[in-house]
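Enquirer: If you read the protein sequences in the order shown, they are chains A and B.
In case it helps, our numbering puts the first sequence at residues 2 to 330.
In case it helps, our numbering puts the second sequence at residues 2 to 770.
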Amino acid sequence: LGHGSGGVLTNRLLESGVFSLLKNPLLDTHHDGAVFELSGNLAFSTDSYVISPVFFPGGNIGELAVNGTVNDLAMCGAIPRYLSLSFIIEEGLPISEFWEILVSIKNSAECADVQIVTGDTKVVEKGKGDKIFINTSGIGQVHPKAHISSKNIKVGDKIIVSGNVATHGIAIMSVREGLDFETTIISDTTNLNHTVKALLDDFGADIHLLRDPTRGGVATVLNEIAKDCGFGINISQNQIPVLEQVFGACEILGLDPLYVANEGIFMAIVAAEIADNFVKKLSEFDNGTDAAIIGEVVLEHPKQVILTSKIGGKRVVNMLVGEQLPRIC
Amino acid sequence: ADAAHSTAQNTFLISLYGLVQGVGFRPFVYQMANQFGIKGQINNSSQGVKIWFNGSKETAKSFYERILSDAPKLSKIIDSNIQIIDYQNFNCFEIIESYSTEKISLLLTPDFAMCHECLTELHDPQNRRFHYPFITCTHCGPRYSIITKLPYDRLHTTMQGFVMCEACEREYSSPTDSRFYAQTIACPTCGPQLKWHIIADGNVVKSTELNDYRWILSRINRMLVSGRILAVKGIGGYLLICDATNETTIQILRARKHRPTKPFAVLYPNLRMLQEDTFVSDFEARELQSEVAPIVLLKKRKKEFEQVAKTINTNLTHLGVMLPYSPLLEIIASNFGKPLVATSGNISGNPIVFEDDKALVDLAQIADFIVTNDRKIVVPQDDSVVRFTKKYGQKIMIRRSRGELLNLNTEKKSEKIFISFGASLKSTFTVLIGENLYVSQYLGDLESYETQENFEKNLNHFIDIFNFSLENIMIFCDSHEGYFSTQLANILVKKNKIPLQKIQHHEAHFTAVLAENGLIENKERVLGVIWDGTGYGTDGNMWGGEFFINHQRFHFEYFDAILGDKMPREPRISALSLTYYLAGFEEITKSKFTAQEWNIYQKILANNSLKTSSVGRIFDGVASLLGLSETQTFDGEAAMQLEELAENYFQEYGYDFPESYLSESFNDVPTRLIIRGILIDIQIEKSKEFIAAKFHYSLIKSIEIIAQKMNTKQIAFSGGVFQNAVLVDLIIHHLAEKFELFFHKRLSPNDENISYGQMVLGMNKYKNL
Ligand SMILES: [Fe+3]
Ligand SMILES: [Mg+2]
Ligand SMILES: [Zn+2]
Ligand SMILES: [Zn+2]
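1) Give the residues of chain A in contact with L361 (chain B), contact being defined as C-beta atoms less than 9 Å apart.
2) On a CA-only basis, which of B:G237, B:L438, B:Q715 and B:G655 is nearest N523 (chain B)? Give me that one, please.
3) Below 9 Å between beta carbons: does that hold for R287 (chain B) and S749 (chain B)?
4) Can N542 (chain B) and E525 (chain B) be called in contact, C-beta distance under 9 Å?
5) Can we count S291 (chain B) as close to ligand 6, meaning its CB is less than 8 Å from some heavy atom?
6) Here's the rule I'm using: 16 or more other beta-carbon atoms within 10 Å means buried, otherwise exposed. How should A2 (chain B) be labelled?
7) Buried or exposed for S664 (chain B), going by 16 or more other Cβ atoms inside 10 Å?
8) Cα separation between G5 (chain A) and E91 (chain A)?
9) Tell me Q184 (chain B)'s beta-bridge partners as DSSP assigns them.
10) Whole-angstrom Cβ separation of F204 (chain A) and I154 (chain A), contact assumed at under 8 Å?
11) So the alpha helix (DSSP H) N455 (chain B) belongs to, where does it begin and stop?
12) Taking only three categories from DSSP, how would you classify T185 (chain A)?
13) Chain A partners of E448 (chain B), CB-CB under 7 Å?
14) Quick one: what's got a C-beta closer than 7 Å to M174 (chain A)'s C-beta in the same chain, skipping five residues either side?
15) Give the interface partners of G350 (chain B) over in chain A, defined as CB-CB distance under 7 Å, in chain order.
16) Under 9 Å, Cβ to Cβ, is there at least one residue of chain A near N410 (chain B)?
17) Please tell me whether Y757 (chain B) has its Cβ less than 9 Å away from any Cβ of chain A.
18) Which runs of the alpha helix (DSSP H) spanning at least 4 residues fall entirely within the stretch 333-404 of chain B, listed in chain order?
19) How many angstroms separate the CA atom of G622 (chain B) from the CA atom of P569 (chain B)?
20) Pick out every residue whose C-beta is nearer than 5 Å to a heavy atom of ligand 4: which are they, in chain order?
21) Quick check: what's the CA-CA separation for L22 (chain A) versus L28 (chain A)?
22) Around the C-beta of H117 (chain B), are 16 or more other C-beta atoms found within 10 angstroms, so that it is buried, or is it exposed?
23) Please classify T595 (chain B) as buried or exposed, where buried requires at least 16 neighbouring CB atoms within 10 angstroms.
24) Only counting the same chain, and skipping five residues up and downstream in sequence, which positions put a Cβ closer than 7 Å to that of G3 (chain A)?
25) In the stretch 176-201 of chain A, which residues sit with their C-beta less than 8 Å from some C-beta in chain B, listed in chain order?
26) Sort B:A114, B:G483, B:G536 and B:K304 by Cα distance to G404 (chain B) and report the nearest one.
27) Assuming Q252 (chain B) is part of the alpha helix (DSSP H), what are its boundary residues?
28) Against chain B, does N363 (chain A) count as a neighbour if the rule is that its beta carbon must be under 9 Å from one of theirs?
29) Exposed or buried, W532 (chain B), counting other C-beta atoms within 10 Å across all chains shown (16 or more means buried)?
30) At a cut of 8 Å, does the stretch 483-500 of chain B reach the stretch 578-595 of chain B through at least three beta carbon pairs?
31) Applying the criterion that 16 or more other CB atoms from any shown protein chain within 10 Å of the CB defines a buried residue, is P145 (chain A) buried or exposed?
32) Candidates A:G296, A:V243 and A:V156: which alpha carbon is nearest G170 (chain A)'s?
33) Might you give, ordered along the chain, the residues of its own chain that have their beta carbon closer than 8 Å to the beta carbon of K591 (chain B), omitting 5 neighbours on each side?
34) Excluding five sequence neighbours on each side, which residues of the same chain lie with their C-beta closer than 7 Å to the C-beta of T110 (chain B)?
35) Helix, strand or coil for N608 (chain B), going by three-state DSSP, please let me know.
36) Considering Cα atoms alone, identify which of B:A168, B:V50 and B:T102 is closest to N128 (chain B).
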């Protein structure tokens, strides 16, 4: 590895203590791993974050890496406790950018109330990576009232999204493709665990399933749910919350917002009786003000997701196959 | 038996195969037998018509010959034989009960438009069926739309619940009556009845108790006169009907149907009134009055006072028209005395509504009144649509449905049953059972869930009436993974563990036109010109401007395919893509976009990798460059406007054209050279008509150049682009002398023919799998 000149990150620089910023008692012990005690049912999740661009309107890869795993744990009905954090850094990443990412990580972890207890960094030669890749793994304690499983889904259950759909994907795309939309669309990557905990406190086992519709969007998650539970799903285009400028951007790009990636929102399948209260409770949180019931679980058309359009036509919302190729002949 | 003299009596069995049921065959043979003094029996079986009788060999021979030569005109005998069987005794000639066997080999009988005799009776106040909307006879009326089972018999239709009254029974059993053995026989006393429903705010508020058809027919007329919209149950489903001369009514219908510009079909009371508004050639008149009675696209006359509201076909000079084909439409149209809109009753994008329950919910969103009746429809069908080219009168099928069932007999017998799933936007399926091949009617755009349901329902109906299981079958589908038909095929294949083969879209088009013209065997020598909107190509690009000959492929030079299904919906995007690499013409395309769109699309184009050779998109792009259409609300809108411009030019200056946008030699057709030529002509302000005509002519040139280079004498055409009547006339005008030309005959050139092409190609290739 060559020595980075002038503010460029190298191994040597890293050795000077990347993790000092993230200091906490467990990280300080200089063991090969963290040792701790946790009781009850545990949830364990991992994810790697590869995103271009690394910085986007409303966030960067660092907070995405923390929130992503925190939210995955939350979707299991767990309260996230400890995270691992690993970097693969492409040589040449400006050190200022790396510090910005690190600070974001620190802030997000604090916000989510999780501790980063173990970690690793590797630097690869220029051209062998794409600026920076991050892996996080997390452990959380399952909420005592939670009973999250697609087996609990019943006909009549309501489908809820906690916020506006497609915002993150469009924000990323507008930077990556250099598309300038009139108003800046800001991705709302955020931790959902506090919100989810509060909902579990109140509604417990009436929450049948929680999912975060990241890659593949709402459409993909709905299809997976329909396949898992064996029922049909009806959703209504009128009910799906989409920011006006995001909707406009989708129009311009010929994209269906249902297939666009999300961050900072989640989907819940809940018993019909609690659905309205669930949405009410959600709307008390900053990240739930746009929550809406978008559909329900039905007996008809098993394993299929059907969308009723604004003009009353019905369309099958399929799993996305490959890229969206034109079909019209 | 060897001692039999020619005068000795034997028992014979005649078997007739093909389209022989529901066309008056049994009564016809009955009368013939009586003329001959022949005793015996006849019935409908699962394999056609069987006749047992006694007679001498000579009598048998002439009886048999007369049956074949004088067969009812609606029948189609594809095979027949006569044999001597064990002697039986008959006392008279009688029609005996139909029987069904496991193996079914029958061509399906389509629905027939009302015949002339029934029309006369319908308007005869002395007749007991005067104005009765369900009058039929052995020669007319619904067939396919009401069958639940085979062989064809009243018991196997939705007429089975109506018990014949004495008078009908008498006609039914009287050999001299025109309703002798007419399975759909009915009258006001015993037959189906209309029912009247009043709608308010999208709901049925009242269904009247009084179901007197005369009262309802009079109400219908009064409501039409006052500009109301009615949903009326017809032969293949519900039709939305309203005054075609009332602009306000049309606007209300457009708003309620969410159908801003797509033309509506117009029902004229009679040919005379139709001729006042449009140009009707002899063959068009014949088609309109045939037993199919489809919608025919006709050119409107230019008149000072136009009867039909302008917004029925905004921006177009052609009008889709039809004449009354059912007794109900006949009474409605003749009472009203003016043209009526008659369009498929559905929520836009969904299939035609044919069930009463659904009509009372869905169509209540659109209609002010709904007229149901208690004759159930089993198979929904839209009205078929055809057009004829102006100069050469070449018939082009646009939508094949009611009255146009396609049953083909193939020589290739197969033990296995094959099903092909067709394309997506103009979906059909094809089933091959034994030697019979059935191409379903147009089933619509599979994007809609209800169309998918309808597709499956129709397929299951086939499985039911032909009584086969999904075990020993094989399936063909398109290679486009995003097609719903492909996905349906995948589901079926997984569920039943049966083999599946994918067939490339344009190969299927090519095979379809070859097979329709009996050319499968000499495929190698024929140049296939396959032009359409989009098909998934073997190189992963979107094809659509293809030339196939002897395993070689030429195509229109690729251009960028961007933005998914937005591109076909917005011709301006095709214009943008086609002009992308051409410097100096930006101002022509730039004005079609906002600055933001322009910037974004430039970036998308710079990074795009998906290419297309689509002639459909080239039509869109040229239409947009000429300022005809930037976004379209229905398939083919822009192309149709371009075609009409070219037609105006050729009508005025003749079909010879001095120059094309092409140079004489090329490998793949130089798309951008054509576009460049057009852009220059736009800049030097040539007329739009001239440019449209020159563009059409250049396409003809491209075919000629490739055909000559490949040294072929035969050219076959398929793909949606060949719905363009001007293009077809030009092809005939310029190429018919030098080449033998093959077009689709009963199939539409558009994706409706894909399932048929998949079937023939697949069957030949994968028969032994
Ligand atoms: Fe096609
Ligand atoms: Mg994850
Ligand atoms: Zn008749
Ligand atoms: Zn009767």
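Ideal Cβ placement from N, Cα and C applies to all residues, glycine included.
Expert: Judging by the given coordinates:
1) Here the question's residue 361 (chain B) lines up with position 360 in the second sequence. Those within 9 Å of L361 (chain B) in chain A number zero; the least Cβ separation is about 15 Å.
2) In the second sequence, the residue the question calls residue 523 (chain B) occupies position 522. Of the listed residues, the one whose Cα sits closest to N523 (chain B) is B:Q715.
3) Sequence index remark: in the second sequence, residue 287 (chain B) carries index 286 (1-based). Sequence index remark: in the second sequence, residue 749 (chain B) carries index 748 (1-based). Contact: no.
4) For this step, residue 542 (chain B) is matched to residue 541 along the second sequence. For this step, residue 525 (chain B) is matched to residue 524 along the second sequence. No, they are not a contact pair.
5) The model on display carries ligand 1, ligand 2, ligand 3 and ligand 4 but not ligand 6.
6) Mapped onto the second sequence, residue 2 (chain B) falls at position 1. Note that A2 (chain B) scores a pLDDT of 42, beneath 50, so its modelled location is shaky and nothing firm can be said.
7) Here residue 664 (chain B) refers to the residue found at position 663 of the second sequence. It counts as exposed.
8) For this step, residue 5 (chain A) is matched to residue 4 along the first sequence. For this step, residue 91 (chain A) is matched to residue 90 along the first sequence. Only weak support exists for where G5 (chain A) lies, its pLDDT of 35 falling under 50; the coordinates are left without a value.
9) Here residue 184 (chain B) is taken as the residue at index 183 of the second sequence, counted from 1. BP columns for Q184 (chain B) are empty, so no partner.
10) The residue you call residue 204 (chain A) lines up with position 203 of the first sequence. The residue you call residue 154 (chain A) lines up with position 153 of the first sequence. No, F204 (chain A) and I154 (chain A) are not in contact; Cβ-Cβ is about 15 Å, not under 8 Å.
11) Numbered from its first residue, the second sequence carries residue 455 (chain B) at position 454. N455 (chain B) -> alpha helix (DSSP H) spans Y450 to I466.
12) As a working mapping, residue 185 (chain A) is identified with position 184 in the first sequence. In this structure, T185 (chain A) counts as coil in the three-state DSSP scheme.
13) The residue given as residue 448 (chain B) occupies position 447 in the second sequence. The contacting residues are R316.
14) In the first sequence, counting from the first residue as 1, residue 174 (chain A) sits at position 173. So the qualifying residues of the chain are L180.
15) Taking the first residue of the second sequence as position 1, residue 350 (chain B) is located at position 349. Going along chain A in sequence order, the residues near G350 (chain B) (Cβ under 7 Å) are G314.
16) Against the second sequence, residue 410 (chain B) aligns to sequence position 409. So, not an interface residue.
17) Reading the second sequence from its first residue, position 756 is the one you call residue 757 (chain B). Chain A, which has no Cβ nearer than 9 Å to the Cβ of Y757 (chain B), makes this no.
18) 357-363
19) As a working note, residue 622 (chain B) is residue 621 in the second sequence. As a working note, residue 569 (chain B) is residue 568 in the second sequence. Taking the straight line joining both Cα atoms gives about 10 Å.
20) For ligand 4, the residues with a Cβ under 5 Å from any of its heavy atoms are, in chain order, B:C166, B:C169, B:C188, B:T190 and B:C191.
21) Translated into the one-based positions of the first sequence, residue 22 (chain A) becomes position 21. Translated into the one-based positions of the first sequence, residue 28 (chain A) becomes position 27. C-alpha separation (whole angstroms): 11 Å.
22) Taking the second sequence and counting its residues from 1, one reaches residue 117 (chain B) at position 116. Counting Cβ neighbours within 10 Å, H117 (chain B) comes out exposed, since fewer than 16 surround it.
23) Counting from one through the second sequence, the residue named residue 595 (chain B) turns up at place 594. So T595 (chain B) ends up on the exposed side.
24) The residue labelled residue 3 (chain A) in the question sits at position 2 within the first sequence. Below a pLDDT of 50, predicted positions are generally treated as unreliable, and G3 (chain A), at 34, falls in that range; no measurement from the model is reported.
25) Under the 8 Å Cβ criterion, the stretch 176-201 of chain A contributes E178, G179, L180, D181, F182 and E183.
26) The residue you call residue 404 (chain B) lines up with position 403 of the second sequence. Comparing Cα-Cα distances from G404 (chain B) to each of B:A114, B:G483, B:G536 and B:K304, the minimum goes to B:A114.
27) Taking the second sequence and counting its residues from 1, one reaches residue 252 (chain B) at position 251. Segment E248 to K258, the alpha helix (DSSP H) holding Q252 (chain B).
28) Given a span of 2 to 330 for chain A in the structure shown, any question on residue 363 (chain A) remains unanswerable.
29) Position 531 of the second sequence holds residue 532 (chain B). By the 10 Å Cβ count, W532 (chain B) comes out buried.
30) no
31) Sequence index remark: in the first sequence, residue 145 (chain A) carries index 144 (1-based). Burial call: exposed.
32) Within the first sequence, the letter at position 169 stands for residue 170 (chain A). Comparing C-alpha distances from G170 (chain A) to each of A:G296, A:V243 and A:V156 shows the shortest one belongs to A:V243.
33) Position 590 of the second sequence, counted from the start, is the residue given in the question as residue 591 (chain B). For K591 (chain B), where only same-chain residues beyond five positions count, the Cβ hits under 8 Å are W599.
34) Looking up residue 110 (chain B) in the second sequence gives position 109. These residues qualify, in order along the chain: L20, Q22, G23, V24, R144, Y145 and Y153.
35) Locating residue 608 (chain B) in the second sequence gives position 607, where the first residue counts as 1. Here DSSP, grouped into helix, strand and coil, assigns N608 (chain B) to helix.
36) Stepping through the second sequence from its first residue, residue 128 (chain B) is reached at position 127. Here the closest residue by C-alpha is B:A168.
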